[in-house]
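Numbering (the working numbering), first residue to last: 197 to 599. Where is the CB? At the ideal position from N, CA and C, for every residue including glycine.
Structural data, given as structure tokens:
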């Protein structure tokens, strides 16, 4: 017997049993499920997003130690799948408190059904409330929030100020952005208006988009006399996902602003790029690529510091590799990010260099092996199947492409 409301199906995700909208009722003309058409939002294509979030919350519970209440907030919970999985799939050696909210009464009713299905209705706090008001309400009641998950449909902008201002000192805010067309510079006007970033689409825009989003997040934190440490950031499928630790400290915010915000100049023809700290680019009037003389495209301001913490990914990956219900695709993505974390820079796409050199596109493996022989670190890009990520200079990359 189906325990779900009419028009819903029972689905298993992780350790949770969840009632979700029947997918075939909300198909577009191209036979693709459109989650925004359903009465309550559920996207089956975000399972890797939720799996990795489980890994981060499990990491938090290990890090904070025994006997401490850990507060997890999902203020845009929809079906409740994420929050329910947090409770079911975390080793609750601590007192885990999960708060789920949604402005939709329909969504709250579905959440409550799903909580009962998983026998956690007495253990998870569910409330019909605006996401921002929920966070401020918890703050007013002196609730110390350790983790906030912001996973909206579209831009996360309406929820960033509240989440960054209410999370506990040293807490984590997880942020999803699905307005990838804006953040990759396809709509340069919207990018500037929404995120305060100047830039336009280039062949490595997916990598740059992460840094555009982090730049905006960092600037919000600075306005609150706080600063951030990104611990895991990636572009996958149709979205960007980043996890940031938020700390108090005006002087450290001042220092980070000078060190971690900058500009990037990119050649769309040969792949040359130049990174400058903000202020250091005032006296540089380079408008032409020094290699091929094509006009350079400038992106600014961008986050130019690390986007990933290798030690934290090590910990999460070791843990999730032992968790049998986590999807193989989620583990594969984490493994790719783990390799990338040792370099953490922007992709070089080999077809660009091959076009500049007027040669066939070289094998990624061959170029990587060549760069490693020269003493550089190099791995395959996870975001572009024809790209590599390396700390090598552009001249040595060109040398290895010719080899």
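Residue environment analysis places residue 486 among the exposed positions, since fewer than 16 neighbouring C-beta atoms fall within 10 angstroms of its C-beta. The criterion of a C-beta distance shorter than 8 Å is satisfied by residue 586 and residue 544. Under the three-state reduction of DSSP, residue 202 is assigned to coil, being neither helix nor strand.
Look at residue 447 here: in three-state DSSP terms it is helix. Taking all protein chains shown into account, residue 277 has 16 or more neighbouring C-beta atoms within 10 Å of its C-beta and is therefore buried. For the pair residue 591 and residue 549, the Cα-to-Cα distance works out to about 11 Å. Residues of the same chain with a CB within less than 7 Å of the CB of residue 340, apart from the 5 flanking positions on each side, are 267 and 364 in chain order.
Assignment of residue 233 by DSSP, reduced to helix, strand and coil, places it in the helix class. In the three-state reduction of the DSSP assignment, residue 503 falls in the coil class, being assigned neither a helical nor a strand state.
For residue 445, same chain residues with a beta-carbon under 8 Å away, outside a window of 5 residues either side, are 421, 422 and 423 in chain order. Between residue 229 and residue 455, the alpha-carbon positions lie close to 43 Å from each other.
Distance between residue 511 and residue 564, taken at the CA atoms: about 27 Å.
In this structure, residue 247 lies near residue 523, with their beta-carbon atoms less than 8 Å apart.
Here residue 244 really is in contact with residue 525; their C-beta atoms are around 6 Å apart, less than 8 Å.
Residue 311 and residue 382 have their C-alpha atoms roughly 40 Å apart.
For residue 386, the enclosing alpha helix (DSSP H) begins and ends at 384-391.
Within the same chain, and ignoring the five residues on either side of residue 213 in sequence, the residues whose Cβ sits closer than 7 Å to its Cβ are 206, 313 and 314. The DSSP-derived three-state label of residue 471 is strand. Contact between the region 492-499 and the region 532-542 is absent, with fewer than three C-beta pairs closer than 8 Å. Contact between the region 384-393 and the region 405-416 is present, with at least three C-beta pairs closer than 8 Å. C-alpha of residue 293 to C-alpha of residue 378: approximately 35 Å in a straight line. Residue 236 and residue 203 have their C-alpha atoms some 11 Å from each other. Membership of residue 267 in the beta strand (DSSP E) is indicated by the continuous run 265-270. In this structure, the beta-carbon distance from residue 460 to residue 471 falls below 8 Å.
Residue 346 is bridged by DSSP to 371. Taking the CA atoms as reference points, residue 399 sits about 45 Å from residue 308.
As computed with DSSP, residue 321 is found in a beta bridge with 295. Within the model, the alpha-carbon separation for residue 304 versus residue 327 is close to 13 Å. For residue 583, the uninterrupted beta strand (DSSP E) run begins and ends at 583-586, by DSSP.
In this structure, residue 285 lies near residue 210, with their beta-carbon atoms less than 8 Å apart.
Scanning its chain for C-beta atoms nearer than 7 Å, with the 5 sequence neighbours on each side dropped, one finds around residue 442 the residues 360, 363, 367, 369, 417, 422 and 424, in chain order. In this structure, the beta-carbon distance from residue 332 to residue 376 does not fall below 8 Å. Annotation: the continuous alpha helix (DSSP H) that includes residue 251 extends over 243-260. Residue 306 counts as buried, since at least 16 other C-beta atoms from the protein chains shown sit within 10 angstroms of its C-beta. Secondary structure note for residue 215: its beta strand (DSSP E) is the uninterrupted segment 212-217. From the listed residues 552, 385, 451 and 579, the smallest Cα separation to residue 464 is found for 552.
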